[in-house]
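These notes are about the structure you will find just below.
Protein chains: 2
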Amino acid sequence: MADFQPAEFEARAERASTAMAAAGLDALLFTTEAEIRYFTGFRTAFWRSPTRPWFLVLPRGARPVAVIPAIGAALMASSWVGEIKTWPAPRPEDEGVSLLREALAPFGRIGLPMGPESALRMPLADFRRLGAEFEDATPLIRSLRMVKSDAEQEKIAAICEIGSAGFARAPALFRKGLTMREAFRDFRIALMEEGAEDVSYLVGGKGPEGYADVISPPGDDELREGDVLMLDTGAARDGYFCDFDRNFAIGRAGDAVKRAYRRLDAATEAGLAAARPGATAAELWRAMRDALGAPAGGAVGRYGHGLGMQLTEPPSLAPFDKTRLLPGMVLTLEPSIEVAAGAILVQEENILVTEDKPRLLTHRAAPELPVI
Amino acid sequence: MADFQPAEFEARAERASTAMAAAGLDALLFTTEAEIRYFTGFRTAFWRSPTRPWFLVLPRGARPVAVIPAIGAALMASSWVGEIKTWPAPRPEDEGVSLLREALAPFGRIGLPMGPESALRMPLADFRRLGAEFEDATPLIRSLRMVKSDAEQEKIAAICEIGSAGFARAPALFRKGLTMREAFRDFRIALMEEGAEDVSYLVGGKGPEGYADVISPPGDDELREGDVLMLDTGAARDGYFCDFDRNFAIGRAGDAVKRAYRRLDAATEAGLAAARPGATAAELWRAMRDALGAPAGGAVGRYGHGLGMQLTEPPSLAPFDKTRLLPGMVLTLEPSIEVAAGAILVQEENILVTEDKPRLLTHRAAPELPVI
């Protein structure tokens, strides 16, 4: 729990207990990294290994019970837990199932996230072997995690500063003739030199009128004069992410792409003006769409989202999401626009919703497409 | 599919079809990154975002059908697929469920991985809405993926070379007074300079007689003279991992830890001698345990595992795993030993099982604990 003081976890558990009482739940079960870390502070890269499941039971009004592989016992003991039950994983014939069944036995109604954006990080066959019924705890955990504590806000602000410092080095990093593979590598190194612990998410694109998609890995194709280079990074420190991109024109920029960039920038300004407590995520989406002044749509599907322990979190800045903004929510503003057939431009900022106007966590992108 | 030629995916689909026929399955359903990439070549960092599920249906004797968010259509179109069905995700009221139901409708018996080391990367509520019955396809997909093609072996060998080059720079990187946070950062940068695309897994430990656990993130504690520093990295390139560690004594090393290191090294030699086709994973475990000459046990739970598109894959070098080794399997040899109460030492190598003796993919660790 080195990332936070115990009071942080006490507050999280207390809010969860209040929400459980309101929902008539006696306990919550979690199988996923973010939720287990949220309630205990247990942070490890070991989640990268799919071999072992990890479980956390959070009873109403009590400290969490960790049901985990023995390899995690030492680290979990330094986390905010009431009890740790371990088994010598891997042990396929009983991969924690009987221990978990025991840990769940005292509770009647048990919540489990099973709705939008959730996953079941354990074998489905083992889940069925539990023989328990669960209620959907997605709305509950979503409402808890969406509003960030002061300590969480500080962590996200810190990694956003690191991201901004990385992008500030762009003129020295990117140039004609560099391959995309090299550009990704050099940017990752720059982010780590600035203080990022990990750059697990980095995507990008390039092209004279924007880029075909925003999720591809880098290839050996070189940056050419007139290309717009976009890099979008989810760097992390202390287990919290930034998530924003920047666009740079290499040598020169065409008029269409310069105009599109200005429209995106205006949409971001509209988003900043609309991001007030009480507005809905859908209204924030609409403010940006109206500023874009066109049926921009595009394949990205939304104009931003929540951000924190995960690269993307609820809410979605999209027409379907009626979540009301609250102070303490951290959001990305991410309008996108199609410049030509199959070529889009995206601009992204990270903000903190406050009582008044939002606080920019990222250094605001230049109002005109920067040429480097 | 830039990572491989189409023939690679044709061969994978053909082997899968043969296995499906043997298992009486008409199609397979996948929700997880490694499996979807294995059959299509679809590789993206976008999996880091939990917002959207991705689905792949692999019919027996036909190309895969991708049922995916529209944001992935451009990249998927360059992959090895027969058909792409998209929806404008996120769309919580129907997050691909009706499209997936359509895609599965033509098939009778459908396999889905639901056994050991699997997860369900989609909301459980949506899975239930599919209203379909599935057979467990874990043994099938496990047997396919465990044996690596020549092209896969090359990729793993390449990232292991990068990892070895990174560790070769240890004397210049690590020294007394450096914090663990700095050591992790500098090593990550070194690996990327050597050619790694991502260092998503890096854990480590330090202490005069070994380390308390092997999964903790780094803190601000400094390396001291007499510490043993261990770093264990899963670096990746082209979507394939290495996974090995190295130990370094800072300035000087105590006798107990030097002796323990020699025993570990002897266990690795025993593992190398035993890693022949036809031996079981359990026999390989036993050969290492006998060489350790003690009830070493320890919290790690096994002495190695498979390696490839994921940091850890089947089989497990553990008493329960009766998998017979086959040429083309890539394994870690990872004996561990308790040096003192709460202090362990781990040594790890990556090997390729061949017709004859195994090929070392990592540069063999020094036979004596290196002092830097």
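Chains as they are written, first to last, in UniProt numbering: chain P, 1 to 372; chain X, 1 to 372. Even for Gly, the Cβ is constructed at its ideal location relative to N, Cα and C. Please read all numbers here as calculations on a predicted model, not as lab measurements.
Inset, instruction - Inspect the CB distances between the stretch 116-125 of chain X and the stretch 319-339 of chain P and report whether three or more fall short of 8 Å. - result: no
Legend entry - Option nearest residue 289 (chain X) by Cα separation, candidates X:276, X:334, X:70: X:334
Inset, instruction - Could you confirm whether any beta carbon from chain X is found closer than 8 Å to the beta carbon of residue 149 (chain P)? - result: no
Inset, instruction - Give, in chain order, every residue of the stretch 184-205 of chain X whose Cβ lies closer than 8 Å to some Cβ of chain P. - result: 184, 185, 188, 189, 192, 193, 197, 198, 199, 200, 201, 202, 203
Inset, instruction - Tell me whether residue 18 (chain P) is buried or exposed, calling it buried when 16 or more other Cβ atoms sit within 10 Å of its Cβ. - result: exposed
Legend entry - Start-end ranges of the beta strand (DSSP E) lying completely within the UniProt domain "Creatinase N-terminal" (12-147) of chain X, minimum 3 residues: 27-30, 55-59, 65-69, 83-87, 110-112
Legend entry - Reduced DSSP secondary structure (H/G/I, E/B, other) of residue 303 (chain X): coil
Inset, instruction - Give the interface partners of residue 136 (chain P) over in chain X, defined as CB-CB distance under 8 Å, in chain order. - result: 125
Inset, instruction - Select from P:67, P:304, P:346, P:278 the residue whose C-alpha is nearest the C-alpha of residue 53 (chain P). - result: P:67
Inset, instruction - Taking only the alpha-carbon atoms, compute the straight-line gap between residue 135 (chain X) and residue 22 (chain P) and give it to the nearest angstrom. - result: 38 Å
Legend entry - Cβ distance (whole Å) where residue 251 (chain X) is taken to contact residue 241 (chain X) below 8 Å: Their Cβ separation, rounded to whole angstroms, is 32 Å, which puts residue 251 (chain X) and residue 241 (chain X) out of contact at 8 Å.
Inset, instruction - Starting from the Cα of residue 141 (chain X), find the closest Cα among X:271, X:35, X:122 and give me that residue. - result: X:35
Legend entry - C-beta neighbour in chain X for residue 56 (chain P), strict 8 Å: no
Inset, instruction - Find the residues of chain X that neighbour residue 117 (chain P), judging by a C-beta separation of less than 7 Å, and give them in chain order. - result: 50, 51
Legend entry - Buried or exposed (CB count within 10 angstroms, at least 16 for buried), residue 153 (chain X): buried
Inset, instruction - Grab the span of the alpha helix (DSSP H) containing residue 392 (chain P) for me, first residue to last. - result: Residue 392 (chain P) cannot be examined here, being either before or after the span of chain P that is shown, 1 to 372.
Legend entry - For residue 200 (chain X), three-class secondary structure by DSSP: strand
Inset, instruction - Compare the C-beta of residue 95 (chain P) with all C-beta atoms of chain X and state if any pair is closer than 8 Å. - result: yes
Inset, instruction - Spell out whether any CB of chain X is found under 8 Å from the CB atom of residue 221 (chain P). - result: no
Inset, instruction - Tell me, please, whether the stretch 67-80 of chain P touches the stretch 78-88 of chain X by the rule of three or more beta-carbon pairs shorter than 8 Å. - result: no
Inset, instruction - Measure the C-alpha to C-alpha separation of residue 301 (chain X) and residue 264 (chain X) and round it to an integer number of angstroms. - result: 16 Å
Legend entry - Assumed close pair residue 20 (chain X), residue 28 (chain X) - CB separation to whole angstroms, cut-off 8 Å: 7 Å
Legend entry - Check whether residue 222 (chain P) and residue 257 (chain P) have beta carbons under 8 Å apart: no
Inset, instruction - Could you spell out where the alpha helix (DSSP H) holding residue 150 (chain P) opens and where it closes? - result: 150-168
Legend entry - Per-residue DSSP class, three states only, for residue 333 (chain P): strand
Legend entry - Residue-chain proximity (residue 101 (chain P), chain X), Cβ-Cβ < 8 Å: no
Inset, instruction - Identify the continuous alpha helix (DSSP H) that holds residue 260 (chain P) and give its terminal residues. - result: 255-274
Inset, instruction - Check the Cβ of residue 90 (chain P) against every Cβ in chain X and list those closer than 9 Å, keeping chain order. - result: 116, 117, 301, 302, 305, 316, 318, 320, 321
Inset, instruction - Indicate whether at least one CB of chain P lies closer than 8 Å to the CB of residue 367 (chain X). - result: no
Legend entry - residue 75 (chain P) versus residue 317 (chain P) - alpha carbon distance: 37 Å
Inset, instruction - Look up residue 365 (chain X) in the DSSP assignment and say whether it is helix, strand or coil. - result: coil
Inset, instruction - Quick one: measure Cβ to Cβ for residue 146 (chain P) and residue 254 (chain P), integer angstroms, because I've assumed they're closer than 8 Å. - result: With 8 Å as the limit, residue 146 (chain P) and residue 254 (chain P) do not qualify as a contact, their Cβ atoms being about 40 Å apart.
Legend entry - Span separating the alpha-carbon of residue 33 (chain X) from that of residue 310 (chain X): 10 Å
Inset, instruction - State yes or no: is the beta carbon of residue 336 (chain X) nearer than 8 Å to at least one beta carbon in chain P? - result: no
Inset, instruction - Identify whether residue 349 (chain X) lies in helix, strand or coil by the three-state DSSP scheme. - result: strand
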